[in-house]
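Protein chains in written order, with the UniProt record's numbering: chain Y, 1 to 248; chain S, 1 to 220.
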């Protein structure tokens with residue numbers, strides 16, 4: 001297997017050119033998929049025999065919850081990559097993805113609360129999953145806070161990488177600790193190893209909207225990373241050329 | 001500088017500056033006092049909640065005492081000396097945390113029986129509380145050290161550090177109060193105690209390395 005793609009990722013210039021070709025396409029296809037998934041799920045998918053129409057918020061809630069975890073996974077891996085290989089792109093990735101992760105975690109929390117009202121009768125319960133998403137949200141806020149508070153940019157990059165890695169180790173512990181602590185939530189909707197318990201017409205739009213949100217967030221992250229690359233590399237000659245040639 | 005002289009120096013500094021440790025302990029006491037005053041002084045409530053109250057107070061007190069751990073060393077240039085001393089930075093950090101832990105945990109354990117009496121905690125549950133405190137607090141110190149090392153260069157880093165570190169404290173608090181609750185309802189609590197020990201051991205591995213990375217980044 002060739003590792004050139006991995007080494008190329010370390011170069012902001014290469015990434016910028018790669019992202020400027022792909023980011024808009026990824027973002028727009030994310031928007032389209034998300035729209036298809038949401039319209040299908042919210043308007044055409046069959047009603048749940050128990051929860052009626054209120055279950056439809058699943059098409060927002062589950063993708064957001066999955067993304068909240070995936071973003072943190074990516075953030076932690078990037079932190080590890082930065083601490084071990086000192087790749088320039090890793091902190092740029094962390095900085096761009098952290099606010100997006102916080103946003104999807106917040107969406108998951110709010111949509112969960114709205115869903116909880118008709119099904120459980122309360123906005124909030126101290127249940128394992130809700131609490132672990134709340135903690136996840138707090139972790140994101142911590143990453144954002146330390147990124148913003150440290151004036152020294154090199155130190156800030158190191159700091160978020162450290163927090164990301166420690167969080168990555170801690171995340172399963174937090175997840176399982178709250179799971180043993182208290183559980184009311186239904187088990188995970190998607191399991192890779194098992195056949196979904198929902199009928200096809202219900203989980204297909206869910207799959208589409210999840211994929212759509214993935215692409216949406218990936219596109220947004222790439223756009224944000226491009227900005228960050230331009231900002232960090234503003235003294236280098238290729239940025240000057242790029243800006244003079246293509247504008248900002 | 002050798003490991004021995006380092007340990008001796010740290011120990012002497014802490015022993016001669018008792019006020020810092022005292023402050024953390026007084027803070028611990030005050031947080032505990034808030035609960036009977038703020039929630040309910042009835043023995044029925046307190047005897048159930050005592051474990052949780054003592055654990056929350058202990059976590060906050062430990063955060064306070066860990067927060068300024070490297071501040072002095074950063075300001076007077078000791079951290080640079082550690083870096084150029086040729087000794088292993090993670091080991092130095094581990095020594096420093098261990099000393100801090102020892103200096104804070106011993107008076108805290110001495111205070112614990114008194115507080116347990118004040119909060120009407122039954123004696124047999126108190127022994128469970130002691131076990132959780134001894135096995136769980138190393139994790140709190142070690143995780144706190146990372147935050148302290150990260151924010152050492154900031155003038156007002158305390159709030160930021162609390163913000164970052166408290167989420168990482170949750171598993172420790174959950175398992176220790178879980179053990180106490182299990183003991184209160186007459187169930188086995190060995191599992192929770194074992195997990196607490198495991199979290200402490202895992203932090204023992206991760207924390208010195210991560211703190212060393214942060215200190216190196218903060219100093220240079």
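Think of the CB as a built atom: it goes at the ideal place given N, C-alpha and C, for glycine as much as any other residue.
query: Chain-ordered neighbours of residue 34 of chain Y on chain S, where CB pairs are closer than 9 angstroms; result: Those within 9 angstroms of residue 34 of chain Y in chain S number zero; the least Cβ separation is about 30 angstroms.
query: Reduced DSSP secondary structure (H/G/I, E/B, other) of residue 68 of chain S; result: coil
query: Members of the region 62-96 of chain S that neighbour chain B once the beta carbon cut-off is set at 9 angstroms; result: Within the model displayed, chain B is absent; protein chains Y and S are what it includes.
query: Which of helix, strand or coil DSSP assigns to residue 10 of chain Y; result: coil
query: Nearest candidate by alpha-carbon position, reference residue 200 of chain Y, set Y:12, Y:47 and Y:60; result: Y:47
query: Whole-number beta carbon distance between residue 226 of chain Y and residue 29 of chain Y, since they are thought to touch under 8 angstroms; result: Residue 29 of chain Y to residue 226 of chain Y, Cβ: 18 angstroms. No contact.
query: Candidates Y:231, Y:237 and Y:142: closest to residue 99 of chain Y by CA position; result: Y:142
query: Local Cβ density within 10 Å of residue 43 of chain Y, reported as buried at 16 or more and exposed below that; result: exposed
query: Residue interval of the alpha helix (DSSP H) (run including residue 93 of chain Y); result: 89-120
query: For residue 207 of chain Y and residue 79 of chain Y, the rounded distance between their alpha carbons; result: 29 angstroms
query: Segment limits, alpha helix (DSSP H) that includes residue 19 of chain S; result: 18-38
query: Rounded C-alpha distance that separates residue 166 of chain Y from residue 81 of chain S; result: 27 angstroms
query: Helix, strand or coil at residue 76 of chain S [DSSP, three-state]; result: coil
query: C-alpha gap between residue 1 of chain S and residue 8 of chain S, whole angstroms; result: 11 angstroms
query: Below-7 angstroms beta-carbon distance, residue 218 of chain S vs any chain Y residue; result: yes
query: Residue 168 of chain Y versus Y:83, Y:75, Y:246 and Y:176, residue with shortest Cα-Cα distance; result: Y:75
query: Burial state of residue 22 of chain S (16 or more Cβ within 10 Å); result: exposed
query: Distance between residue 67 of chain Y and residue 154 of chain Y (C-alpha atoms, nearest Å); result: 28 angstroms
query: Beta-carbon proximity list for residue 62 of chain S, same chain, < 8 angstroms, skipping 5 on both sides; result: 24, 104, 137, 140, 141 and 144
query: Residue 48 of chain Y in three-state terms, based on DSSP; result: strand
query: Member of Y:161, Y:232 and Y:231 whose CA lies at the smallest distance from the CA of residue 86 of chain Y; result: Y:161
query: Short CB-CB distance (under 7 angstroms) between residue 149 of chain Y and chain S; result: yes
query: Residue 112 of chain Y: contacting residues in chain S (beta-carbon distance under 8 angstroms); result: Residues of chain S passing the Cβ test: none, with the nearest at roughly 18 angstroms.
query: Under 7 angstroms (Cβ pairs) to chain Y, residues found in the region 14-28 of chain S; result: none
query: DSSP state of residue 156 of chain S mapped onto helix, strand, coil; result: coil
query: Neighbour flag for residue 162 of chain Y against chain S, beta carbons, 7 angstroms; result: yes
query: Residues within the region 171-183 of chain S neighbouring chain Y, beta-carbon criterion of under 8 angstroms; result: 171, 174, 175 and 178
query: Proximal residues to residue 219 of chain S (C-beta, below 7 angstroms), its chain only, five neighbours per side dropped; result: 79, 80 and 83
query: Test item: CB-CB of residue 12 of chain Y and residue 243 of chain Y under 7 angstroms; result: no
query: Residue 132 of chain S, enclosing alpha helix (DSSP H) - first and last residue; result: 123-150
query: C-beta neighbour in chain S for residue 53 of chain Y, strict 7 angstroms; result: no
query: Interface flag, residue 170 of chain Y vs chain S, CB-CB below 7 angstroms; result: yes
query: Status (buried if at least 16 other CB within 10 Å, exposed otherwise) for residue 151 of chain Y; result: exposed
query: Nearest-angstrom Cβ-Cβ length linking residue 182 of chain S and residue 121 of chain S, presumed shorter than 8 angstroms; result: Their Cβ separation, rounded to whole angstroms, is 15 angstroms, which puts residue 182 of chain S and residue 121 of chain S out of contact at 8 angstroms.
query: Which listed residue (S:40, S:20, S:27 and S:47) has its alpha carbon closest to that of residue 129 of chain S; result: S:47
query: For residue 2 of chain S, three-class secondary structure by DSSP; result: coil
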